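Protein chains in written order, with my numbering: chain A, 878 to 1084; chain B, 878 to 1084.
Have a look at the structure below, then the notes.
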């Protein structure tokens, strides 16, 4: 599957509230989001499953692949396009084996060692960061900066997406590292007009 | 796989503390536990995976099947003998499909309607309860009593295990319902001598 990593939106219902959540995501997809990840913590498996089913239908309408964060069981249950795992999730080789070769497997890294490990054990792409300080993920480590992102990108042959505190203001710096795209949460979901937020980001990226 | 449901231990690390957790489980297996379930909440997937791998090795030594609570991905990743799901987890038919026919699938029910639903959609056994009030599971509903357990047992053809507040004191009443076994947490794990606790329960059950 040819995947466009340019503008990768990760969901966070807490930033938008339940009521407008799906509408916010739809508008962001209309604005130009190219890849969508469902990230849910502290919900029941059933709720995670139901949310993912809904987002899968929505993503299909925009021809955007849907990726599930952490939970391989949810990814399999909704037949998502892929899975994204971090250092605290299932081992990457185990996830690849259970997910099959056809699905997209992403892996979170913050240094070159983790990047090489992920590439060698079956990841299709890497989410590298946090590039900048961020409030969206409480357990994110120390920022690696654009320098850290650049090193990771130069270390591996698979696509690398920058994540963490990326916005319209610093997007050009991130792009200059050679990264294949940016992954955002609050830069889109904390904005009232998620269509415009996504449109601005993708236009800047494509400049 | 012929499964002995007589004395089904569900793990709860919070009742014993991390230090003595594995030792407590080993002693309980030596005492006569016939089936072991790993239940973990609010841990990372990696931690759940690591704990399950350890308990699988331990359970193997006693020829006791290992069942994973809720998380199909962990069950697949450690190649557990089965999965136990509740009303807030993946749909039972979805779980059965992804788990395959060879593995044990358990389903939590509290009434006859849920019991029939589980039986029809692929469950191998039912965990029915709470029979009595219990502190071990915060979100457990109103006790169904031995009457409720008996009705469930008479409604389905698959094995039914009573759960919730079962101890040496009320075990005879539970057995009289026709249930195929008892599932316990604190009746074993909150005791200092988990070997003796398990031995007492299995001896009473086999009387």
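C-beta: ideal position from N, C-alpha, C; glycine also.
This structure is a prediction, so every number in the text was calculated from the model and none was measured.
Counting along the chain, the unbroken beta strand (DSSP E) around residue 981 of chain B starts and ends at 981-986. Rounded to the nearest angstrom, the Cβ distance from residue 908 of chain B to residue 1076 of chain B is 4 Å, consistent with a contact under 8 Å. For chain A, the residues of the region 922-949 of chain B that bring a beta carbon within less than 8 Å of one of its beta carbons are 922, 923, 924, 926, 947, 948 and 949, in chain order. In the same chain as residue 910 of chain A, and ignoring 5 residues on each side of it, the C-beta atoms closer than 6 Å to its own belong to 884, 886 and 1075, in chain order. By the beta-carbon neighbour count (other beta carbons within 10 angstroms, threshold 16), residue 940 of chain A is exposed. Secondary structure at residue 998 of chain A: coil, using DSSP grouped into helix, strand and coil. In the DSSP assignment, residue 961 of chain A forms a beta bridge with A:946 and A:983. Contact note: residue 1066 of chain A does not reach chain B at a C-beta cutoff of 7 Å; the least C-beta distance is about 24 Å.
Taking all protein chains in view, the Cβ of residue 1055 of chain A is surrounded by fewer than 16 other Cβ atoms within 10 Å, so the residue is classified as exposed.
Against residue 971 of chain A, the close residues of chain B are 954, in the order they occur along the chain (beta-carbon pairs closer than 7 Å). For residue 914 of chain B, the closest Cβ of chain A is not nearer than 9 Å.
Residues of chain A whose Cβ lies closer than 9 Å to the Cβ of residue 975 of chain B are, in chain order, 950, 953 and 954. Exclusion of the five residues before and after residue 998 of chain A leaves 969 and 970 as the residues of its chain whose Cβ lies within less than 6 Å of its Cβ. Between the alpha carbons of residue 975 of chain A and residue 891 of chain A lies a distance of about 30 Å. About 6 Å separates the beta carbon of residue 1008 of chain A from that of residue 1043 of chain A, a gap short enough to meet the 8 Å contact definition. Around residue 952 of chain A, the same chain offers 945 and 960 as residues with beta carbons nearer than 6 Å, after the five sequence neighbours per side are excluded. Residue 949 of chain A is a Cβ neighbour of residue 950 of chain B, given a cutoff of 9 Å. Contact with chain B is absent for residue 988 of chain A, since none of that chain's Cβ atoms lies less than 9 Å from the residue's Cβ.
In the three-state DSSP reduction, residue 1045 of chain A falls in the coil class, being neither helix nor strand. Taken through DSSP and simplified to helix, strand or coil, residue 952 of chain A comes out as helix.
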